[in-house]
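*Asks:*
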Amino acid sequence: MRLNEHPILRFKRGREVTIYFNGQPLKAFEGEPIAAALHAAGIKVLNYSANEKRPRGLFCAIGKCSSCLMIVNGIPNVRTCITLVEDGMRIEPQTGKAKLPKEAKPPEFRDAKAVKADIVVIGGGPAGLMAAIHAADTRASVVLLDENPMLGGQLVKQTHKFFGKREQFAGVRGVEIAKILEEEVRKRKNIEVFLETSAVGIFQEGDEKLVIGVRENRELIEFRGRALVVATGAMERMIPFENNDLPGIYGAGAIQTLMNTYGVKPGDRVLIVGAGNVGLILTYQLVQAGVKVEAIVEAMPKVGGYFVHAAKVRRLGIPILTRHTILRAEGKERVERAVVAQLDGNWKPIPGTEKVFDVDVIALAVGLRPSIELLHQAGCQIKFVPELGGHVAVRDGWMETTVRGIFVAGDTAGIEEATTAMLEGKMAGIAAALRLGIAEEGWVKEIERAQRDLEEFRSGPFGRHVVEGIRKILAGVGGNV
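Sequence positions in the sequence shown follow UniProt numbering and run 1 to 481.
And the structure:
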């Protein structure tokens, strides 16, 4: 299940270690998460549901759902998709709500370490990286935290070349952009980075924003700053169909993480649900990794992604079945088959049009929703805007929310692309420094330049709905698109 050759990527694996699954030794490599190591060994069942004892497997691979919870070294509820392997680690499937062993001693969260900066950035993806870089360039001190073991967010799994202008990394692959931005962050001495650190709460204490963080599930840290940029990204959407919880059903991003970040094949034969850009890009990424894609099914009457991506898929001879949906997954402990059917004009399956695909993977590329939990908890005004992917924070034209000093950027602000995320991150980082009086007035021109670039990028047919969504959240707050 491990990839040793790839036309684009080179996988640099760490030191070989031994982990134990149900007492059986397995080979793993330092730097990879538990779930990836188990998948490499062909193990897809990670836990069982509490009531019906149904098998469950990896779904999001970014620590934002409960599908990968397992018992690790006797401790339950460990997110194995973002918890790195350690030599001698003991891993067991979890059934429902497992209990903490009586002899286990939970971490004593006392005397928390305090880390201060002018600006705290939550999220190390494209938006957060650009926010940190540009805030630092105004001479602000910056703390950047991310719950993953590496910086880059979605960029680290993107092998395709980006569109846009040269200064927006046109013609550069996402994996390379991630490296470029990380290098920029690392060489700025006024940016301090904390990885494997989850932000669990935002509070106001006097003139400071207090972010409570937990590093490596054991160390409590208080991050304090006078301004805050929240760039926590998005979560995979799920759609209802029979047996949609079987192991082998993944969000598209989880497959990209396994395959492009850790060099692990998700399976051998795949059905993709959703013909937007993500589904189309995932299709040829799977082909690059030597995985057979049987078909793409799309409920809409036409392909939703860019023509260039769809053309590439069609050249590969992979059928795109529009006006089709998935009815059910079949299999005992994991996916073995998928049944799809054609839809009528009322979005109802047409009897007799069922098609059966023998697959071991079903990839759901059915959209994302912004991760706004921290913003909601912090008291930011939230509004449902379908054009932006769901609930988002109301903000102004400089990315500041209704809570003074809290800024938002990237998919957290509305589902778009990595290019727009980087531009919004640039704006948010500079605007936060301007809010604090650190940045000189000349930096306003950089925000205006980013706004023009965003307007140009969104001017095509695929950006119209986004522009309409942004108008809705700017209403009443005095901002401009």
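We put the beta carbon where it would ideally sit given N, CA and C, even for glycine.
Please say whether Arg369 and Met235 have beta carbons closer to each other than 7 Å?
*Replies:* In the sequence shown, residue 235 corresponds to position 235, counting from 1. In the sequence shown, residue 369 corresponds to position 369, counting from 1. Yes; because the gap between Cβ atoms is below 7 Å, this pair is in contact.
*Asks:* How big is the Cα-Cα spacing for Lys179 and Lys187?
*Replies:* Mapped onto the sequence shown, residue 179 falls at position 179. Mapped onto the sequence shown, residue 187 falls at position 187. As the crow flies, the alpha-carbon of Lys179 is around 12 Å from that of Lys187.
*Asks:* Short of 8 Å in beta carbon distance, which residues of its chain neighbour Glu465, apart from the five on each side in sequence? Order them along the chain.
*Replies:* Residue mapping note: residue 465 aligns to position 465 of the sequence shown, counting from 1. The question names Glu, but residue 465 in the sequence shown is His. Only Glu387 meet the Cβ criterion.
*Asks:* Could you give the residue range of the alpha helix (DSSP H) that holds Met130?
*Replies:* Locating residue 130 in the sequence shown gives position 130, counting from the first residue. Its alpha helix (DSSP H) spans residues Pro126 to Asp137.
*Asks:* Mapping the DSSP letters down to three states, classify Ala40 as helix, strand or coil.
*Replies:* Position 40 of the sequence shown, counting from 1, holds the residue named residue 40. Three-state DSSP puts Ala40 in a helix.
*Asks:* Alpha carbon to alpha carbon, what distance is there between Glu294 and Pro271?
*Replies:* In the sequence shown, counting from the first residue as 1, residue 271 sits at position 271. In the sequence shown, counting from the first residue as 1, residue 294 sits at position 294. Note on identity: in this sequence residue 271 is Leu, with Pro being the wrong assignment. Near 6 Å, if we compare the C-alpha coordinates of Glu294 and Leu271.
*Asks:* Measure from the alpha carbon of Lys64 to the alpha carbon of each residue in Val313, Thr83 and Ile75, then state which is nearest.
*Replies:* Counted from its first residue, the sequence shown places residue 64 at position 64. Checking every option, the nearest Cα to that of Lys64 belongs to Thr83.
*Asks:* Who are the near neighbours of Ala289 in its chain, counting only those whose CB is closer than 7 Å to its CB and skipping five residues on each side?
*Replies:* Residue mapping note: residue 289 aligns to position 289 of the sequence shown, counting from 1. Cβ within range, chain order: Leu3, His6, Met259 and Lys265.
*Asks:* When DSSP labels each residue in this structure, what does Thr420 get in the three-state scheme?
*Replies:* Locating residue 420 in the sequence shown gives position 420, counting from the first residue. In the three-state reduction of the DSSP assignment, Thr420 falls in the helix class.
*Asks:* Answer yes or no: do Ala428 and Met399 have a C-beta to C-beta separation smaller than 7 Å?
*Replies:* Here residue 428 refers to the residue found at position 428 when the sequence shown is read from its first residue. Here residue 399 refers to the residue found at position 399 when the sequence shown is read from its first residue. For Ala428 and Met399, yes; Cβs fall inside 7 Å.
*Asks:* Between the Cα of Thr325 and those of Thr353, Arg458, Glu336 and Glu424, spot the shortest distance and give me the residue it belongs to.
*Replies:* As a first step, residue 325 must be located in the sequence shown, where it is residue number 325. Closest option to Thr325, Cα to Cα, is Thr353.
*Asks:* Thinking just about the alpha-carbon of each residue, which of Thr95, Lys189 and Ile62 is nearest to the one in Arg79?
*Replies:* Residue 79 sits at position 79 when you count from the first residue of the sequence shown. Here the closest residue by C-alpha is Ile62.
*Asks:* Within 10 angstroms of the Cβ of Lys102, are there 16 or more other Cβ atoms? Answer buried if so, exposed if not.
*Replies:* For this step, residue 102 is matched to residue 102 along the sequence shown. Flag for Lys102 reads exposed.
*Asks:* Taking three-plus beta-carbon pairs below 8 Å as touching, is the segment 11 to 31 in contact with the segment 202 to 217?
*Replies:* no
*Asks:* Can you tell me which residues form a DSSP beta bridge with His391?
*Replies:* Position 391 of the sequence shown, counted from the first residue, corresponds to residue 391. For His391, the beta-bridge partners assigned by DSSP are Phe384.
*Asks:* Run the CB neighbour count on Asn480, radius 10 Å, all protein chains shown included, and call it buried at 16 or more, exposed below.
*Replies:* Here residue 480 corresponds to residue number 480 of the sequence shown, with the count starting at 1. Unreliable positioning characterises Asn480 in this predicted model, as indicated by a pLDDT of 39, which lies under 50. The coordinate reading is nonetheless provided below. Under this definition Asn480 is an exposed residue.
*Asks:* Helix or strand or just coil, what does DSSP make of Asn4?
*Replies:* Within the sequence shown, numbered from 1, the residue matching residue 4 stands at position 4. The answer is coil: DSSP assigns Asn4 none of H, G, I, E or B.
*Asks:* Give a yes or no on contact between the segment 301 to 314 and the segment 328 to 337, applying the rule of three or more CB pairs nearer than 8 Å.
*Replies:* no
*Asks:* Mind checking who Glu219 pairs with in its DSSP beta bridge?
*Replies:* Looking up residue 219 in the sequence shown gives position 219. Answer is Arg215.
*Asks:* Taking 7 Å as the threshold (C-beta atoms), are Leu9 and Ala35 in contact?
*Replies:* Walking along the sequence shown from the start, residue 35 turns up at place 35. Walking along the sequence shown from the start, residue 9 turns up at place 9. The answer is no: Cβ separation not under 7 Å.
*Asks:* Can you find at least 3 beta carbon pairs, one from the segment 108 to 124 and one from the segment 140 to 154, that sit closer than 8 Å?
*Replies:* yes
*Asks:* Are three or more beta carbon pairs between the segment 226 to 233 and the segment 403 to 419 nearer than 8 Å?
*Replies:* yes
*Asks:* Name the DSSP bridge partner or partners of Lys116?
*Replies:* Taking the sequence shown and counting its residues from 1, the one referred to as residue 116 is at position 116. Arg224, per the DSSP bridge assignment.
*Asks:* Would the beta-carbon of Phe407 fall within 7 Å of that of Val156?
*Replies:* Your numbering for residue 407 matches position 407 in the sequence shown. Your numbering for residue 156 matches position 156 in the sequence shown. For Phe407 and Val156, no; Cβs fall outside 7 Å.
*Asks:* What is the DSSP secondary structure of His309, counted as helix, strand or coil?
*Replies:* The residue you call residue 309 lines up with position 309 of the sequence shown. Of the three classes helix, strand and coil, the one that applies to His309 here is helix, per DSSP.
*Asks:* In whole angstroms, give me the CA-to-CA distance for Gly390 and Ile470.
*Replies:* Within the sequence shown, residue 390 is the residue found at index 390, counting from 1. Within the sequence shown, residue 470 is the residue found at index 470, counting from 1. Cα to Cα, the separation comes out at about 12 Å.
*Asks:* Within 7 Å (strictly less), CB to CB, does Ala428 reach chain C?
*Replies:* In the displayed structure, chain C is absent; only one protein chain is listed.
*Asks:* By how many angstroms is the C-alpha of Leu151 removed from the C-alpha of Ala127?
*Replies:* The residue you call residue 127 lines up with position 127 of the sequence shown. The residue you call residue 151 lines up with position 151 of the sequence shown. So the alpha carbons of these two residues sit roughly 11 Å apart.
*Asks:* With contact counted as at least three CB pairs below 8 Å, one residue from each stretch, are the segment 364 to 382 and the segment 87 to 99 in contact?
*Replies:* no
*Asks:* For the putative contact between Gly279 and Ala252, defined by C-beta atoms under 8 Å, what is the C-beta separation to the nearest angstrom?
*Replies:* Walking along the sequence shown from the start, residue 279 turns up at place 279. Walking along the sequence shown from the start, residue 252 turns up at place 252. So it is a contact: roughly 7 Å between Cβ atoms.
*Asks:* Taking only the alpha-carbon atoms, compute the straight-line gap between Pro76 and His134 and give it to the nearest angstrom.
*Replies:* Numbered from its first residue, the sequence shown carries residue 76 at position 76. Numbered from its first residue, the sequence shown carries residue 134 at position 134. Between Pro76 and His134, the C-alpha separation is close to 40 Å.
*Asks:* Below 7 Å between beta carbons: does that hold for Lys116 and Arg226?
*Replies:* The residue you call residue 116 lines up with position 116 of the sequence shown. The residue you call residue 226 lines up with position 226 of the sequence shown. No. Outside cutoff.
*Asks:* Select from Lys312, Ile438 and Arg218 the residue whose C-alpha is nearest the C-alpha of Pro106.
*Replies:* Residue mapping note: residue 106 aligns to position 106 of the sequence shown, counting from 1. If we check each option's Cα against that of Pro106, Arg218 comes out closest.
*Asks:* Have a look at Val273, Gln285, Arg269 and Ala131 and flag the residue whose alpha-carbon is nearest the alpha-carbon of Val303.
*Replies:* Taking the sequence shown and counting its residues from 1, one reaches residue 303 at position 303. Looking only at Val273, Gln285, Arg269 and Ala131, the smallest Cα-Cα distance to Val303 is reached by Val273.
*Asks:* Which same chain residues, not among the five before or five after Gln256, have their C-beta less than 6 Å away from its C-beta?
*Replies:* Along the sequence shown, read from residue 1 onward, the residue named residue 256 stands at position 256. Answer for Gln256: Lys157, listed in chain order.
*Asks:* Excluding sequence positions up to five away, which residues of its chain have a Cβ less than 6 Å from the Cβ of Ala136?
*Replies:* Position 136 of the sequence shown holds residue 136. Once the five neighbours on either side are set aside, the close Cβ partners of Ala136 are Val142, Arg188, Asn190 and Ile191.
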